[in-house]
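Respectively, the protein sequence lines represent chains U and W. If you count the first sequence from 1, position 45 lands on 45 in the working numbering, and the numbers rise without skipping. If you count the second sequence from 1, position 72 lands on 183 in the working numbering, and the numbers rise without skipping.
2 protein chains.
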Amino acid sequence: MNDEFVHKWKSQVKKGTLAFIVLNVLQGKEYYGYELIEEVKQHTSIEIAEGTLYPLMNRLKKESLVTSKWVEQDSGIPRKYYCLTKMGIRTLKEMKTYWMELEKSIKKISK
Amino acid sequence: MNDEFVHKWKSQVKKGTLAFIVLNVLQGKEYYGYELIEEVKQHTSIEIAEGTLYPLMNRLKKESLVTSKWVEQDSGIPRKYYCLTKMGIRTLKEMKTYWMELEKSIKKISK
DNA sequence: CTATGTACCTTGTATAGCTATGTATTATGT
DNA sequence: ACATAATACATAGCTATACAAGGTACATAG
Numbered sequence: 001m002n003d004e005f006v007h008k009w010k011s012q013v014k015k016g017t018l019a020f021i022v023l024n025v026l027q028g029k030e031y032y033g034y035e036l037i038e039e040v041k042q043h044t045s046i047e048i049a050e051g052t053l054y055p056l057m058n059r060l061k062k063e064s065l066v067t068s069k070w071v072e073q074d075s076g077i078p079r080k081y082y083c084l085t086k087m088g089i090r091t092l093k094e095m096k097t098y099w100m101e102l103e104k105s106i107k108k109i110s111k
Numbered sequence: 112m113n114d115e116f117v118h119k120w121k122s123q124v125k126k127g128t129l130a131f132i133v134l135n136v137l138q139g140k141e142y143y144g145y146e147l148i149e150e151v152k153q154h155t156s157i158e159i160a161e162g163t164l165y166p167l168m169n170r171l172k173k174e175s176l177v178t179s180k181w182v183e184q185d186s187g188i189p190r191k192y193y194c195l196t197k198m199g200i201r202t203l204k205e206m207k208t209y210w211m212e213l214e215k216s217i218k219k220i221s222k
């Protein structure tokens, strides 16, 4: 019935959320782009399109929240690994605060 | 320091989230636009700009998730009250399912 | 009679996700 | 040997939406 609406809505919800998710994942260790997508897909129900992730990582880099480095492989295409900066960690902390408030707010109005 | 980034991020997170919030609030009873904004502001930490709400309500109406009716006041400007439709209720249910999964996913990757 | 609060609305701008497309390498299947 | 899939990066164009800024109109308080 209103599948179309719900589908578009989910895409809208991802705006902003994906940056938060990516920064959260990078907290633990460094990841390269393709790996990040796989990691998130397997451990959660969230799918990040490639055309979403790469521009997103460039934005995070421009904002100095992550750094990146190319790592050559013994065989195959080199990988670009991303690493949280100190500013990235600080920013993530602020985002977590907001997210928790948002969660709480929605619980409050939805009950 | 990266206040600017966090500020913009919060605005992005609201995309989609606000539709969810509004539908949730309308579950309980009918509200008119201005009242909706006040209701959400007082009971949560979320601010909805007027320039956001009115176009949003029109979208929800076009999608048949809400209906609206003008109610004359004894004095002052008439109010436009919004009411959830059956489709709105069904759609909200789907949105809640997705939201809870999203919450769970983020908890999982952020620990 | 001016300012504030209520109550509606629209236009323009910036942002970000998605589809489609492209490049290149390696592994797998027939 | 050749096609297909999987890995791994990237970009362009489309679309949707939040927000600032502006506008209209009525009522009340100072």
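Glycine included, each C-beta is placed from N, C-alpha and C at the ideal position.
Check, Outcome
"Mind listing which residues of the region 4-16 of chain U have their C-beta closer than 8 Å to chain W's C-betas, in chain order?", "Phe5, Val6, Trp9, Lys10, Ser11, Gln12, Val13, Lys14, Lys15, Gly16"
"Glu205 of chain W versus chain U: which residues are under 7 Å apart at the beta carbon?", "Val6"
"Check the Cβ of Thr52 of chain U against every Cβ in chain W and list those closer than 7 Å, keeping chain order.", "Neighbours of Thr52 of chain U on chain W: none; closest Cβ ~13 Å, over 7 Å."
"Taking CB distances under 8 Å as the criterion, tell me whether Lys80 of chain U reaches chain W.", "no"
"Taking the alpha carbon of His118 of chain W as the point to measure from, which residue in U:Glu50, U:Gly16, U:Val6 has its own alpha carbon closest?", "U:Gly16"
"Using only the alpha-carbon positions, how far apart do Ser11 of chain U and Phe5 of chain U sit?", "10 Å"
"Taking all protein chains shown into account, decide if Lys93 of chain U is buried (16 or more other Cβ within 10 angstroms of its Cβ) or exposed.", "exposed"
"Helix, strand or coil: which one does DSSP assign to Ser156 of chain W?", "coil"
"Counting only C-beta atoms, is Ile148 of chain W closer than 8 Å to chain U at any point?", "no"
"Considering only residues of the same chain and omitting the five flanking positions on each side of Thr202 of chain W, which have a CB-CB separation below 7 Å?", "Leu176"
"When you check each C-beta in the region 129-156 of chain W against every C-beta of chain U, which residues fall closer than 8 Å?", "Ala130, Phe131, Ile132, Asn135, Val136, Gln138, Val151, His154, Thr155, Ser156"
"Relative to the alpha-carbon of Leu164 of chain W, which residue among W:Ser186, W:Gly144, W:Val151 has its alpha-carbon at the smallest distance?", "W:Gly144"
"Beta-carbon within less than 6 Å of Trp181 of chain W's beta-carbon, same chain only, minus the 5 sequence neighbours each way: which residues are those?", "Pro189, Lys191"
"So which residues of chain U does Thr196 of chain W contact, with C-beta pairs closer than 9 Å?", "Near Thr196 of chain W there are no residues of chain U at all, since even the closest Cβ is about 10 Å away, more than 9 Å."
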